[in-house]
Amino acid sequence: MTSVGTSVARKEGMDRATGAAKYADDLRFPGMLVGRTVRSTIPRGRVTGISLDFDHAGFTVVDHRDIPGENTIALIEKDQPCLVNGVVRHAAEPILLLAHERREALVSANVRIDYEREEPLYDPTRSEQVFKHVLIEKGNLERGFARADVIVEGTYSTGAQEHVYIETNGVIAVPEKGGIALHGSMQCPYYVLKALKVLLGGAVQDIRVIQTETGGGFGGKEEYPSMIAAHACLLALKSGRPVKLLYDRGEDMVATTKRHPSTVRHRTGLTRDGKLTAMQVDVLMDGGAYCTLSPVVLSRGVIHAAGPYRCANTRIEGRVVMTNTPPNGAFRGFGAPQTQFATEVHMDRIAETLGIDPVTLRLRNALKPGDTTATGQKLGPDTSAIDVLREAVRRSGFKRKRTKLAGSGRGVGLALFYHGAGFTGSGEVMLGSRAGLETTPTGVRILVANTEIGQGTRTMLAQIVADGLGIAYEDVAVAQPDTAVVPDSGPTVASRTCMVVGGLLERCARRMSEQLNGASPAEHHVRRGRLHVEERYEAPPGRQWDDQTYRGDAYATYAWGCDVAEVEVDPVTHEVRVAKFTAVQEFGRPIHPAMAQGQIEGGSAQGLGWALLENVVMRDGAMANAQLTNYVIPTTLDTPPMDVVMLENHFAGGPFGAKGVGELPIDGPAPAVVNALRHAGLDVRAIPATPEALAAAPRLAPSRNGETAAAPPANGDAA
Amino acid sequence: MRTATAPFTLRRARTLEGALKILREEPGTVPIAGCTDVYVALEFGGTPGTGYLDLTPLASLRRITTSGERLVIGALATYTELQKSRFVRARLPMLVEAARLVGGAQIQNMGTVGGNLANASPAGDTLPVFAVADADVVLAGPDGERRVPFNAFYTGYRASVRRPDELIVAVEVPPVIGKQWFRKVGTRAAQAISKVVFAGVRGLETKLALGSVAPTVLRLTRTEQALNGGGGIGDALRALEGEIKPIDDLRSTAEYRRSVSANLVRQFWSETA
Amino acid sequence: MKLTVNGTPREIDVHPLKRLLDVLREDLELTGTKEGCGEGECGACTVLVDGEPVVSCLMPCAQADGCDVTTIEGLSGEYPLQRAMMREVGAQCGICTPGVILAAHGLVEAARKPTLERVREALAGNLCRCTGYEAIHRAVLSAHAERHGTATAAAAAAASEA
């Protein structure tokens, strides 16, 4: 009996459907206080005075002076303070913390803060503070342009996106003997642990971080929880009592991270028959006020910026810069949706300019096994760009619809995309992830820090271990991610959980199998005691990566996707209805088909929202529409029927041939929809493509053969 | 919730007279029913009032009946009840449409017509319907009932002629002569606030109204005059341009509202021909 | 105030303006009903009051006086839609799931088979960020078939395996 490849019953059982699953706000501890964060109302300046105009009885008040270690939320850099010490660099920056037994007392407490304002910087093109700069070069760009018959330029931009996990950020800090336990909604318990150790210094000996049932993450709970955890811990330490700190929706939307807005410029040279000879890409991302994960977001963005295409002469340059807005951070896709949006819309504009259909253009240039990427990585048989493209075109009837729908106010468009699984380059080596497996009286227990956030981590890892050991899936338990119990298997991000951590567990299972010598784990446990094995990440032999030049094997493997979107544009209101969506994706093979399909459907819906509906309106450096009434995500009636095809191409370096699928699906929908809008006659190059934007978008003239044609190409682009 | 409600009071009305007495004797009392707006205000730290009066026990105000030729909709009728009512379906299908689109099922079960009127938002989805239907708002007060023509009910942004000691008890709708047409343009396909909301009746006389293009719901009298006076759609749109005053806000832009309003009038005109 | 919650009469002494959501979660310790937005937009707080779905974050508890309230805890745990939601992976992170189940409860109970469009409409007030809704629709339709015995033999066999 095998479990991998079947849609087994999930490890969580029925808890989510019965209300038994306990999320952070469902937990109570004796003597618990509730916390509140007082935040800056100016985008830049200095705090000149704080007055607490309320009766302090029963209140715990914390400011930066209460921080025993370093006043910072340690991540890549240590530039972000935990609490403002004079200098304010963004609106909603945390200044003061309060706790009280009763929430109503907290909300009534009147805190007045005086500021000296300074002129804020909002325009990334004018920012001089660069968090990260990356340059990727391959071949000879000038020669490439010299060989081109046609040069096409374009500028494309994407807006911020708010995660809107339905459960907002929330944690509970609980003093324990000699230390503190932090329970909460999060993706990466060890990130939180590391940040707390720096913040608390030697003042607290035993810190442990425990992930509670988490109601969605999407990257929004990758690094941000370290901040809210730090705040809760400070209040708990000062009061000596458990403190629950939860954000309401408005605070969560204003204060926490968002997807980096981007502007990407392309200059591309091609031969007359559509072969790429030169690709020059310039990427600018807005990082907000502090570094957080911006360097890594930029990194992934630029590595994917040339798209899944073969080009001998490529130059990609990227910068992520500071502005006086709340810091941006991880969001599913992590830079790749932004850059691939630009590439895919640009490819359709190239097709329009050359008078070649968009499928043929892509077939001519798509990466094949044996080709090298922009970083010089030579691709192997785990490369499926052509396969997903062909299948998506066939399945959706793309070519027929492209002719039939032209000029009708409807359109069909596609996007071809890819997504590297695991951390970039030497990232996995630096993480040095460890995964453990131990026997129990009834079977085995998985010991990893990777978290279930809806994507099925527990289930999928249990399937891998069950088949690895040849035991029943039901006999595999998964430990709750508690840093006191599980090793650091790395964060739950970067589409790495299955491939990297699942891979480690597969090795654990094999080693344990050898040691069991024919006995079942339970038998062994009962007769000979607990058996425990641990495996540590090792880079596959032969992989090379240079962090300085950004050349080499950027990722262990890539997943591949092609989306086709069919749209109708209402001529009265300019609203877009996505009538049908086809997603063909290759990610090795699904471990749990229904859950993998869920990732594709959910990621696609999130990508469609980003493309058409989700608009972060900033005023005075803060999100002004921070309510679900005014920041709208797709409802059931906004989401199209989806036709999902999961192609298999087993990857030797992944457990049972699996790669990663968590992020791939969100790379495709936005450019597919925008290319469909272009087919419908609207010259769109920026998202969100709201009805307001579409009402003002220039029209594209339909061409004679049913393919829309752009205005005659010039060497400069008036985008 | 960001507002501490512990210091506030909530009374539950037992009779209409009792409710009116409370409003008289305790000025500043906020009448509530479905709470779909009031509680959002409290959630974000607003304080509509410190004393609240829950009208929902007043069952007599939920009834939807007829009185002669007129449709009488009780102020506490919910959007769900409007859609189910055979009277509303027969006589005022554009109201059924408005109720269907006001929000998801949960909001439809809670929100009331009276609340939509009393909230007085220019984006209220039922307001253009009542405007073109030339309905009357029935108010109960210390001196008994009075009827105010709907189109004289609003005096400015979120302001109406309702006195603080009065309650909206019903909306009375005379027979609507002509084809009814309604369209809401929201921020998305469902559960959305209107960016523009339009109702029209095309009969011997054409009547048009728009929400979200002025401080109050707007009966498009000049546009109507152009059409009713034998003018074509071009004349109508020129008149429209002069009478609407849309703004930019968090949900949309003045330019979009302007352009879509014109498109809606055009669409209405061609679909009701 | 006196109300019936999941079939049990309860008497509680709380401020009348306290949200029904908070009364359920705090005073009655029924934490299955969730808060997602506090503005009635996401539907995670959906409960049935006298059989009708409402958003409990917008309801003063006084309005539930004398009413029959059903929360997710009031379903058996084996209700067809609960099983279908897990089987079809209509629940990923699960935070929207209790609200979705209660919002769809009426559709599943009604004899008439709902169209896909009807399912979408019934759930238009429930936001899900994980699933893209497809699996939720599949779960509701599958649950309806099971509830009314109209499932095919194959589907019934699959249902009993879950």
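Chains as they are written, first to last, in our numbering: chain E, 1 to 719; chain A, 1001 to 1273; chain X, 2001 to 2162. Positions of the beta carbon are idealized from the N, C-alpha and C atoms, including for glycine.
| request: Leaving out five residues on either side along the sequence, give the residues of the same chain with a beta carbon under 8 Å from the beta carbon of G19 (chain E). | output: For the purposes of this step, residue 19 (chain E) is taken as residue 19 along the first sequence, with counting starting at 1. If we look at G19 (chain E) and ignore the five residues flanking it on each side, it has no Cβ neighbours.
| Nearest chain A C-beta to H2015 (chain X) closer than 8 Å, yes or no? | Counting from 1 along the third sequence, the entry for residue 2015 (chain X) is found at position 15. Taking Cβ atoms only, chain A reaches closer than 8 Å to H2015 (chain X), which makes this a yes.
| query | Would you report the Cα separation of C1035 (chain A) and F1198 (chain A), rounded to the nearest angstrom? | reply | Reading the second sequence from its first residue, position 35 is the one you call residue 1035 (chain A). Reading the second sequence from its first residue, position 198 is the one you call residue 1198 (chain A). Rounded to the nearest whole angstrom, the C-alpha separation of C1035 (chain A) and F1198 (chain A) is 25 Å.
| task | Drop a sphere of 10 angstroms on the beta-carbon of T1253 (chain A), count the other beta-carbons inside from all chains shown, and report buried for 16 or more, exposed for fewer. | result | Indexing the second sequence from 1 puts residue 1253 (chain A) at position 253. It is buried - the Cβ of T1253 (chain A) has at least 16 other Cβ atoms within 10 Å.
| Contact residues within the segment 2025 to 2038 of chain X, judged by C-beta distance below 9 Å to chain A | C2037 and G2038
| query | Can you name the start and end residues of the beta strand (DSSP E) that G1051 (chain A) belongs to? | reply | By 1-based counting over the second sequence, the position of residue 1051 (chain A) is 51. Element bounds for G1051 (chain A): G1051 to D1054.
| message | Which residues does DSSP list as the beta-bridge partners of I180 (chain E)? | response | On the first sequence, residue 180 (chain E) is found 180 positions in, with the first residue counted as 1. Its beta-bridge partners are E:P175 and E:I207.
| query | Can you tell me whether A203 (chain E) is buried or exposed, with buried defined as 16 or more other CB within 10 angstroms of its CB? | reply | Locating residue 203 (chain E) in the first sequence gives position 203, where the first residue counts as 1. That one is exposed.
| Neighbourhood of A676 (chain E) by C-beta distance below 7 Å, restricted to the same chain and skipping five residues each side | Residue mapping note: residue 676 (chain E) aligns to position 676 of the first sequence, counting from 1. So the qualifying residues of the chain are G411, V412, G413, A565, E566 and V567.
| task | Could you name the residues that DSSP lists as bridge partners for C2093 (chain X)? | result | By one-based count along the third sequence, residue 2093 (chain X) stands at place 93. Looking at the DSSP assignment, C2093 (chain X) forms no beta bridge with any residue, so it has no partner.
| request: Give me whichever residues DSSP pairs with R319 (chain E) in a beta bridge. | output: On the first sequence, position 319 is the one that residue 319 (chain E) refers to. Answer by DSSP bridge pairing, in chain order: E:H133 and E:L284.
| query | Do we get a CB-CB distance below 8 Å when we pair N324 (chain E) with the residues of chain A? | reply | Mapped onto the first sequence, residue 324 (chain E) falls at position 324. The beta carbon of N324 (chain E) does not come within 8 Å of any beta carbon belonging to chain A, so the residue lies off that interface.
| request: Would you give the residue range spanned by the alpha helix (DSSP H) that T457 (chain E) belongs to? | output: Counting from one through the first sequence, the residue named residue 457 (chain E) turns up at place 457. It spans T457 to L469 - the alpha helix (DSSP H) in which T457 (chain E) sits, taken as one unbroken run.
| Proximal residues to T2004 (chain X) (C-beta, below 6 Å), its chain only, five neighbours per side dropped | Here the question's residue 2004 (chain X) lines up with position 4 in the third sequence. If we look at T2004 (chain X) and ignore the five residues flanking it on each side, its Cβ neighbours are D2068.
| query | At a Cβ cut of 8 Å, what residues of the segment 3 to 18 of chain E count as close to chain X, listed as they run along the chain? | reply | S7, A9, R10, E12, G13, M14, D15, R16, A17 and T18
| request: Figure out for me which residue from A:A1041, A:E1069, A:G1144 and A:L1220 has the closest Cα to the Cα of E1017 (chain A). | output: Position 17 of the second sequence, counting from 1, holds the residue named residue 1017 (chain A). Nearest option by C-alpha distance: A:G1144.
| Of all the beta strand (DSSP E) runs that stay within the bounds of the segment 2008 to 2096 of chain X, which reach a length of 3 or more residues? | 2008 to 2011, 2046 to 2049, 2052 to 2055 and 2068 to 2070
| So with Cβ pairs under 8 Å, would you call E692 (chain E) a contact of chain A? | If you number the first sequence from 1, residue 692 (chain E) lands on position 692. Interface residue, yes.
| said: Helix, strand or coil, according to DSSP, for T557 (chain E) in the structure here? | reply: Within the first sequence, residue 557 (chain E) is the residue found at index 557, counting from 1. Three-state DSSP puts T557 (chain E) in a strand.
| said: Check this for me: beta carbons of V1173 (chain A) and L1071 (chain A), under 8 Å apart or not? | reply: If you number the second sequence from 1, residue 1173 (chain A) lands on position 173. If you number the second sequence from 1, residue 1071 (chain A) lands on position 71. Their beta carbons are under 8 Å apart, which means V1173 (chain A) touches L1071 (chain A) by this criterion.
| So is I210 (chain E) buried or exposed if we call it buried at 16+ other beta carbons inside 10 Å? | Here residue 210 (chain E) is taken as the residue at index 210 of the first sequence, counted from 1. So I210 (chain E) ends up on the buried side.
| query | Where does G144 (chain E) fall in DSSP's three states? | reply | In the first sequence, counting from the first residue as 1, residue 144 (chain E) sits at position 144. The answer is helix: DSSP assigns G144 (chain E) an H, G or I state.
| query | Going by alpha carbons, who is nearest to E474 (chain E) out of E:Q463, E:T483, E:S513 and E:Y224? | reply | To locate residue 474 (chain E), count along the first sequence from 1; it is residue 474. Here the closest residue by C-alpha is E:Q463.
| task | Provide the residue(s) that pair with P1031 (chain A) in DSSP beta bridges, ordered along the chain. | result | In the second sequence, the residue the question calls residue 1031 (chain A) occupies position 31. P1031 (chain A) is bridged to A:L1053.
| query | Under a Cβ-count criterion, where at least 16 other Cβ atoms within 10 Å of its own Cβ denotes burial, should M186 (chain E) be classed as buried or exposed? | reply | Here the question's residue 186 (chain E) lines up with position 186 in the first sequence. Buried, because 16 or more other Cβ atoms sit within 10 Å of the Cβ of M186 (chain E).
| 7 Å Cβ shell around A1170 (chain A) - same chain, five flanking residues per side excluded | Residue 1170 (chain A) sits at position 170 when you count from the first residue of the second sequence. Answer for A1170 (chain A): V1072, I1073, G1074, A1075 and V1138, listed in chain order.
| Which chain A residues sit within Cβ distance under 7 Å of G2125 (chain X)? | Here residue 2125 (chain X) refers to the residue found at position 125 when the third sequence is read from its first residue. The answer, in chain order, is G1103, G1104, A1105, Q1106, I1107 and Q1191.
| query | Along chain E, in chain order, which residues have C-beta atoms closer than 8 Å to that of N1263 (chain A)? | reply | Residue 1263 (chain A) sits at position 263 when you count from the first residue of the second sequence. Result: P571, V572 and T573.
| query | What residues in the segment 164 to 191 of chain E bring their beta carbon closer than 9 Å to a beta carbon of chain X? | reply | V164, Y165, I166, E167 and T168
| What is the rounded straight-line gap between the Cα of R678 (chain E) and the Cα of P175 (chain E)? | The residue you call residue 678 (chain E) lines up with position 678 of the first sequence. The residue you call residue 175 (chain E) lines up with position 175 of the first sequence. So the alpha carbons of these two residues sit roughly 58 Å apart.
| message | Is Q2063 (chain X) close to chain A? Criterion is C-beta to C-beta, closer than 8 Å. | response | Position 63 of the third sequence, counted from the first residue, corresponds to residue 2063 (chain X). Yes - at least one Cβ of chain A is within 8 Å of the one on Q2063 (chain X).
| query | Buried or exposed: F1255 (chain A), going by 16 or more other Cβ atoms within 10 Å of its Cβ? | reply | Taking the second sequence and counting its residues from 1, one reaches residue 1255 (chain A) at position 255. As written in the sequence, residue 1255 (chain A) is Glu, which differs from the Phe given in the question. Exposed, because fewer than 16 other Cβ atoms sit within 10 Å of the Cβ of E1255 (chain A).
| message | For a test of the three-state rule: what should DSSP assign to Y115 (chain E), helix, strand or coil? | response | By one-based count along the first sequence, residue 115 (chain E) stands at place 115. The answer is strand: DSSP assigns Y115 (chain E) an E or B state.
| Under a three-way DSSP split, which group does S262 (chain E) fall into? | Position 262 of the first sequence, counted from the first residue, corresponds to residue 262 (chain E). Correct three-state label for S262 (chain E): strand.
| What does a CB cutoff of less than 7 Å around R1002 (chain A) pick up in its chain, not counting 5 residues either side in sequence? | Walking along the second sequence from the start, residue 1002 (chain A) turns up at place 2. These residues qualify, in order along the chain: E1043, F1044 and G1045.
| Span of the alpha helix (DSSP H) around I386 (chain E) | Counting from 1 along the first sequence, the entry for residue 386 (chain E) is found at position 386. Segment A385 to S396, the alpha helix (DSSP H) holding I386 (chain E).
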